[in-house]
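Okay, so here's the structure we're looking at.
In my numbering, the protein residues as written are 945 to 1346.
Right under this line is the structure:
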């Protein structure tokens, strides 16, 4: 009987050991890793030929309708644990004609920039006010106030930015023996409207084997968002639901100069739609669907069915008459590898992997009047007209009107 019990116990232990991760199929590699980040930019983010940012938004002062603008963005990165067959490392990403990028785009190693940096600087004056959460009124404990002078002196407050949201980039110059990317000094013109990524792709380089994959997912649909100032001075953001979106996140930034002289940036007000104090990380970037799903359960990211969010009145009041914002829609992800995974527990010697990430985002303008156009998609509607006056926006940026 004891022998039988001993055998049963050993068998049970063996079964448990077989179930732990350490006994899973072993892998080697990959020797090469490729990442392709794909974005659809709409509204103010698409102004200026798809450059996005505040510069693109300010181009509205010279005319142009943000509602009709959609631009695309591609970021390509190839990392290898092998050296080039003939230095320097280089490669090409070959597209189908419908991509409208020519036969290929060049992948080259980034130039290392060297220079001198100032060792002494004057401490900035001003404050950063942090708000978060959708709703007419700001929640308890808000705002968190950060004194720039104290931060410059090394007094960084704990939990300043997000620790729950990772920045996920598996390919970089730091973790690759050979690294090339695009855009670069040899080219960087982004695809024009009407471009399509559907079909076969080939990446050829002198740092490893050719990478071949076929995409069934195309650019995401563009976001069309509107901002409306409510009677209580909160701001309602509304947007169209994107079929491919896995979740949404929004932020605004604004502020007012206090006229404090040199190096005084005044109060900068930063708000995010997260239900908790979560700033930075990958919230303004690409995130995989599994990560987004987890962040939705934590109420850091808004679910894919949500199409509106209210910016608290306290944020609008502290920001002054000018607010710049962003709405980010996370999208799907496609993963490829070669050779195919073998059956059973045979060792999987991976030659290369390729990852394609998608997102769509738009910029929001609240309270600035550029030729009668504000907002993104539907405009910004004030509750009642106010007398216009000259003023400065956040970071001392002069605005034509307030």
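All residues carry an ideal CB built from backbone N, CA and C; glycine is no exception.
Residue i in three-state terms, based on DSSP
i            : result
residue 1126 : strand
residue 1223 : coil
residue 1118 : coil
residue 1240 : helix
residue 1232 : coil
residue 1148 : strand
residue 1300 : strand
residue 1109 : coil
residue 1193 : strand
residue 1047 : coil
residue 990  : helix
residue 1164 : coil
Chain D contact for residue i (CB, 8 Å cutoff)
i            : result
residue 1028 : Among the chains in the structure shown there is no chain D, since it carries only a single protein chain.
For residue j and residue i, believed in contact at Cβ under 8 Å, the rounded distance
i            : j            : result
residue 1050 : residue 1126 : 7 Å
residue 1278 : residue 1159 : 6 Å
residue 1252 : residue 1303 : With 8 Å as the limit, residue 1252 and residue 1303 do not qualify as a contact, their Cβ atoms being about 20 Å apart.
residue 1220 : residue 1194 : Not a contact, Cβ separation roughly 15 Å.
residue 1082 : residue 1258 : 4 Å
residue 1034 : residue 1184 : Not confirmed; about 41 Å, so no contact.
residue 1254 : residue 1118 : With a Cβ gap of about 41 Å, residue 1254 and residue 1118 do not count as contacting.
residue 1226 : residue 1112 : 6 Å
residue 1037 : residue 1109 : Their Cβ separation, rounded to whole angstroms, is 29 Å, which puts residue 1037 and residue 1109 out of contact at 8 Å.
residue 1308 : residue 1188 : With a Cβ gap of about 21 Å, residue 1308 and residue 1188 do not count as contacting.
N-terminal and C-terminal residue of the alpha helix (DSSP H) that residue i is part of
i            : result
residue 1291 : Per DSSP, residue 1291 belongs to no alpha helix (DSSP H) and is neither H nor E.
residue 1263 : 1257-1263
Same chain, Cβ closer than 7 Å to residue i, five either side skipped, listed in chain order
i            : result
residue 1305 : 983, 985, 989, 1167, 1270, 1271, 1272, 1273
residue 1130 : 1050, 1052
residue 1250 : 1192
residue 1162 : 1140, 1141, 1142
residue 1293 : 972, 973
residue 1247 : 1191, 1240
residue 1136 : 1044
residue 1200 : 1210, 1211, 1264
residue 1017 : 983, 985, 994, 1134
residue 1286 : 1292
residue 1282 : 1295, 1296
residue 1152 : 975, 976, 1024, 1026, 1296
residue 1070 : 1092, 1208, 1209, 1210, 1211, 1212
Start and end residues, beta strand (DSSP E) containing residue i
i            : result
residue 1089 : 1088-1091
residue 980  : 976-987
residue 1172 : 1169-1173
residue 1180 : 1179-1183
residue 933  : Residue 933 cannot be examined here, being either before or after the span of the chain that is shown, 945 to 1346.
residue 1142 : No beta strand (DSSP E) contains residue 1142, which DSSP labels as neither H nor E.
residue 1075 : 1069-1076
residue 1158 : 1155-1159
Beta-bridge partners of residue i, as assigned by DSSP
i            : result
residue 1199 : 1212
residue 1309 : 1268
residue 1041 : According to DSSP, residue 1041 bridges with nothing at all.
residue 1052 : 1034, 1125
residue 971  : 1292
residue 1254 : 1180
residue 1131 : 1128
residue 1281 : 1297
residue 1273 : 1192, 1304
Contacts around residue i, its chain only, beta-carbon distance under 6 Å, and the 5 residues preceding and following it disregarded
i            : result
residue 1025 : 975, 1121
residue 996  : Any reading at residue 996 must be qualified, since the residue scores a pLDDT of 43, below 50, and its modelled position is unreliable; the value itself is stated next. Here the set comprises 985, 989.
residue 1086 : 1075
residue 1144 : 1158
residue 1072 : 1090, 1212
residue 1023 : 977, 1115, 1120, 1123
residue 1301 : 981, 1230, 1277
residue 1021 : 979, 1115, 1125
residue 1235 : none
residue 1165 : 1186
Contact set for residue i: own chain, Cβ-Cβ below 8 Å, skip 5 residues either direction
i            : result
residue 1261 : 1177
residue 1128 : 1050, 1051, 1052, 1054
residue 1032 : 1052, 1053
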